[in-house]
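Protein chains in written order, with the numbering used here: chain Z, 246 to 587; chain B, 246 to 587; chain H, 246 to 587; chain L, 246 to 587. Even glycine gets a Cβ: it sits at the ideal position worked out from N, Cα and C. The next block holds one structure in the form of structure tokens; read it before the comments.
Pasting the structure below:
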């Protein structure tokens, strides 16, 4: 049985990644694509790499007939998303890829996003989309909020360790390196090739990055008490991939064991042998996460390194994984392609 | 029905690309992988990006039991390949990715490769593997010789134009730009990141590149008389992709029409609207070829630009497409994944 | 004796490159920097890499006192430049880096830039700034027009060959590969890292690139009759550097000899041994040009490859070389730094 | 007065960088270049980017006449260096760029390098070459040991803070990102463009990197007691540049003040305004170091980010700065060139 899929915001990188992945999905079919400023164009003019696909022409959201749509991916900018979703049919299943519904607490939302949430009821309804930690809730949800790509990477490294009680909760440092596609297709000076190639730099340092709101929310949930991490993201001359180097206090072997046990049944997570650390080249274009653990010469210190592809497992792949759960198909459907290397 | 596949030379880039693509193939299953110097290792130690796959351990070729193998991909170095293949069972179907069987003429082989061919009978038996131009012969073949990746790119741009009689055969210039993965996983100074990033340069210029042997052979076949092209390949700071800029004399509209007509029924070739030229970013990791044609301000001159992914359509994707034909499955099986962008 | 220098348009890449180079100049001192939209800022906020220099604050052009300025570099956008220069003091020496004064013929200007020239008298006064070919005129000039960076590269490869009568003037093809800094610090989608890395593509193909106006003008001057070349520029995932592959008909040895003889006395041009071709990595950040010549297997065909750094010899280094001539100092002053590799 | 300079090991990246920088030095002249395996070749065949320079032909070390050499740079591999230097004239001034003389303690050397030091007397004689912290000793030294490039970056960020007593000595984490040229011109798989582009990864993690020996030595010296830091280096798809993100416990304002005060008189170190963090693009090809400090949302936590060019300030520029001191010329001679951007 084929299910009908709409994508709102198909002219950005996460929208395009949804199209790329859905092109190989066994049972989902794209029946509507929106891109307000590019309405009327074929996708081939916006993303020539999708030229070979038989896809609907880009439309304005208001022109989409949602009556036969089974699920809608919403890949629109932050802040505008909440009102767009509020205007969609109340019974439409939605996977949102924006930041609008990631934080459950209205006060936290206001703190991190600088304004009150416009749709507090929807905010309460939304389920946080980190699949491996919210599987039953996602399967039952109408509205799922995709996670931040940096936030996902850090959580994969840390959440099971909090749950297992094997790390010092007050000494967590996340040093994160991110490829540039996570910043989207936006025209900013620091995203130009001439600026970024040979120009590694940190951004939103000092506790200002909005994904800290997700860390705070989810780590507190796992710990049963507030947990505040230090977090410095860096932009690298690389297109895809996030590598998080997480500095922890705890027994390295216990940390490795906790991750290995937690992720053994997971189809997309791979914990490497103790002492082996992963590279971004090994997950590019795929839905896999590789994690490695190493001890330090200082007893009681460990480093966990996690890598994932920000556009796949960090956003659009995760979104499809969640959609699979919501529509009752195999969770891994359309997501088992191998990474692309080199 | 599942068919059993062996890959010889699984520790190089084309071998790994075969594994990547076959991981999504609906009916082929890898049952043997060879890598003589890495025999005994799991593929995850040689290519961590394939870690998630359930694959046989690497073996020596001599240890493989070919009795139940339906088809063998041979991704071994040039020159050694011919003797390896001669020693394989005589009824084994083989797709070779080396240069050893691309040239049919023993004298041409000696000219371009500097030594006589060691297996002239096999050389005569082999079918040239440019699928769209040898489809029936490939379907009936036991041994298919994969094309050079540069050679494939140039032929897609030019061969139909020779057949259609719309270009001057004595005025063909191919200026080709290639990503570095085409050079393989070999330890050479000019392939180091520190040398190649910011270090564009030509190589094998002046009529010395071995793929000229393929151009000579195939263009003469299409023309019914010798055709000698000028060909300058360049190495670019890029991992995947070939872009060939072909300078031609002829009517641009007729050239575009000839390509469009020839490739209309082809599943993997896309001719862009007249005046639109393609980019390597639009075919990365896929089996698609994009071609564009533009006229010049000088009447009677045209430029054709062709792009493909050297590891996919330029070698391993092409090899699987040929294997599909040889084993009687859908020609596009396992090859319809969309490109990866960005 | 120190000479006082002003730079108009210091917030772009060529403006910044002027500052970089002048920082090591033995007798020029920057006394004014303009950047209209960033007036009032220190240069360190616009270009942190210049943070260590003691430089004047950015000003509006109208606020600059030109009375004690010996020479003004004008690195402003095309089209607006002509009126800005018309408003400068009539006796001020000027080296312009825009395209506004490169074409001497008003009709040619209109053809290539789509509008009539606003300052035809200045257009007649300006001297074309390809130093090695206009040395005495530049030394005597008040207004020098810097060349296009692509145009310079092609001319270094071709002009001496026209003068020497060793090539067929009707069979010249320039296939050019350019790093992205030549496109300036402008916010365009195809200049983003995520689009350009792995995304080689041609642009302004088919005889549309404006530097063809310079080729037409200068090659006709050298030949004494019209010469029309074919020219396809490509954008590469690289920051600095241009590599022009020039396809010619003529005797390769004669071509090499003509270039070697012509450039033997030149301080910045190096002709490599016959058969050796240059790489962009070998001239990065410097004012040097490397040229190589190779024959083809087809008799009477040759390839000349020329490389230079678009921001240095292709624009700002060239501008300083011309300024040196205009102000009577050593032509190479401030320009002998070695390239940066890797 | 011109001083005569020899460079041993001119075929590696640090040797080439010495040549590049010395080409602009006002009073040093290169009179001998060694490269044992390339003896007899002109430098242009090993490093075409140095083609324009008038340099001595490469020699074997044994063939160099040191009698008129004022100072010798030794850019040879680790371990072999110590015996080469022992065989040089006893009164020859030497700046060594290898790791052989960085550690003063024989036991520490054995620990980090896995074998006893072959020249313990020389080991005691050598002065550690971090110029800003050993200036008088370097000026008086015969043998100076250049620092590790990673080690230099970390020390610039941390040593003044230890001296000022403003950080917790038991909670120091250095997360370091390094461009690939620091690994030298060696043929290793992970240095290939196809592996590294898009392939960020850590290396020598878990307290194994040899530069920890330098951190231990120098931080203990500053603190008057042992200090053990955590240190994870990462290899990035970038040619030049190191960015160290240092996580500290202490008052951010006091940390910024301590760095600003310490480096105010230094010609090559720049402390950015509080809250501004540096990028590798801003120091490329130069001898400058940029440092930034930011506080965290967690009180009492700070991040210091330091950037330098591994080949310049991290090795060859540092070496020349030290040589200037040793030969009594201006410390900044030949080193004031601006960075190259973009």
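Any idea what DSSP makes of residue i, helix, strand or coil?
i: residue 436 of chain Z; result: helix
i: residue 373 of chain B; result: strand
i: residue 426 of chain L; result: helix
i: residue 461 of chain L; result: helix
i: residue 477 of chain B; result: strand
i: residue 559 of chain L; result: helix
i: residue 290 of chain B; result: helix
i: residue 456 of chain H; result: helix
i: residue 501 of chain Z; result: helix
i: residue 492 of chain B; result: strand
i: residue 421 of chain B; result: strand
i: residue 306 of chain L; result: helix
i: residue 537 of chain L; result: strand
i: residue 543 of chain L; result: coil
i: residue 390 of chain L; result: strand
i: residue 416 of chain H; result: coil
Please identify the residue among the options whose C-alpha is closest to the C-alpha of residue i.
i: residue 476 of chain Z; options: Z:490, Z:467, Z:253, Z:484; result: Z:490
i: residue 454 of chain B; options: B:306, B:332, B:551, B:428; result: B:428
i: residue 548 of chain H; options: B:566, B:449, B:546, B:557; result: B:449
i: residue 588 of chain H; options: H:438, H:458, H:399; result: Residue 588 of chain H falls outside the range modelled here, since chain H spans only 246 to 587, and no answer is possible.
i: residue 578 of chain B; options: B:566, B:457, B:441, B:254; result: B:566
i: residue 301 of chain L; options: L:319, L:255, L:325; result: L:255
i: residue 381 of chain Z; options: Z:264, Z:575, Z:571, Z:530; result: Z:571
i: residue 522 of chain B; options: Z:289, Z:519, Z:263; result: Z:289
i: residue 473 of chain H; options: H:438, H:413, H:518, H:512; result: H:413
i: residue 270 of chain L; options: L:586, L:460, L:576; result: L:576
i: residue 273 of chain L; options: L:554, L:246, L:432; result: L:246
i: residue 512 of chain H; options: H:423, H:582, H:421, H:267; result: H:582
i: residue 469 of chain Z; options: Z:317, Z:410, Z:374; result: Z:410
For residue i, which beta-bridge partners are listed by DSSP?
i: residue 316 of chain L; result: L:250, L:338
i: residue 275 of chain L; result: L:250
i: residue 553 of chain B; result: B:487
Taking 8 Å as the line, does the beta carbon of residue i fall inside it for any heavy atom of the ligand HEM?
i: residue 484 of chain B; result: Ligands in the displayed structure: none, and consequently the ligand HEM is not present.
Pairing CB atoms from the segment 381-396 of chain Z with CB atoms from the segment 335-342 of chain Z, are three or more of them under 8 Å?
yes
Is the segment 455-474 of chain B close to the segment 502-514 of chain H, with three or more CB pairs under 8 Å?
no
For the segment 438-466 of chain Z, list every residue whose C-beta sits within 9 Å of some C-beta in chain H, in sequence order.
438, 439, 440, 441, 442, 443
Touching by the beta-carbon criterion (3+ pairs, under 8 Å), the segment 443-456 of chain H and the segment 468-487 of chain H:
Enough Cβ pairs lie closer than 8 Å, so yes.
Does the segment 268-288 of chain L come close enough to the segment 344-353 of chain L that 3 or more CB-CB pairs lie under 8 Å?
no
Touch check for the segment 258-266 of chain B and the segment 558-566 of chain B: three-plus C-beta pairs under 8 Å?
Contact between the segment 258-266 of chain B and the segment 558-566 of chain B is established, with three or more Cβ pairs separated by less than 8 Å.
Taking Cβ-Cβ distances below 7 Å as the criterion, which residues of the segment 393-421 of chain B are in contact with chain H?
418, 420
Please name the residues in the segment 537-550 of chain Z whose beta-carbon is closer than 8 Å to at least one beta-carbon of chain L, in chain order.
Taking 8 Å as the upper bound on Cβ-Cβ separation, chain L lies near residues 539, 540, 541, 542, 543, 546, 548, 550 of the segment 537-550 of chain Z.
Should the segment 526-543 of chain H be regarded as contacting the segment 351-370 of chain H, the criterion being three or more beta carbon pairs within less than 8 Å?
no
Going along the segment 476-498 of chain Z in order, which residues come within less than 8 Å of chain L, judged by CB to CB distance?
Against chain L - using a Cβ distance shorter than 8 Å - the residues of the segment 476-498 of chain Z are 477, 479, 481, 482, 483, 484, 485, 486, 488, 490, 492.
Give a yes or no on contact between the segment 396-411 of chain H and the segment 354-367 of chain H, applying the rule of three or more CB pairs nearer than 8 Å.
no
Chain Z contacts made by the segment 295-311 of chain B, where a contact means CB separation under 8 Å
Within the segment 295-311 of chain B, the residues whose Cβ lies closer than 8 Å to any Cβ of chain Z are, in chain order, 295, 296, 297, 298.
Using a Cβ-Cβ cut-off of less than 9 Å, give me the residues of the segment 513-526 of chain L that come near chain Z, in sequence order.
520, 522, 523, 524, 525, 526
Relative to chain B, which residues along the segment 560-587 of chain Z have a C-beta separation below 8 Å, given in chain order?
So the close ones are 581, 582, 583, 584, 585, 586, 587.
Tell me whether the segment 294-308 of chain L and the segment 527-535 of chain H touch, counting them as touching only if at least three CB pairs, one residue from each stretch, are closer than 8 Å.
yes
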